[in-house]
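Numbering (the UniProt record's numbering), first residue to last: 1 to 67. We put the CB at the ideal spot given by N, CA and C, even for glycine.
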């Protein structure tokens, strides 16, 4: 069985934009700040894939014990 992979923890954003309230943000910049970036989406997909693999591994381990 493969080793158990740690689930990466999300870290708070260090971006200065993250702390800007919407009311203080110019209206033309609001869509840019609210839209997820492609890299952020790729990172989230990678985390979910890792989590799914971990759940599958745990399910297989439970099935092996049930035999």
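Distance between residue j and residue i (C-alpha atoms, nearest Å)
| i | j | result |
| --- | --- | --- |
| residue 45 | residue 65 | 30 Å |
| residue 56 | residue 62 | 10 Å |
| residue 48 | residue 60 | 18 Å |
| residue 50 | residue 43 | 11 Å |
| residue 38 | residue 54 | 24 Å |
Simplified DSSP assignment, three categories, for residue i
| i | result |
| --- | --- |
| residue 100 | Nothing can be reported for residue 100: it is not among the residues displayed for the chain, which extend from 1 to 67. |
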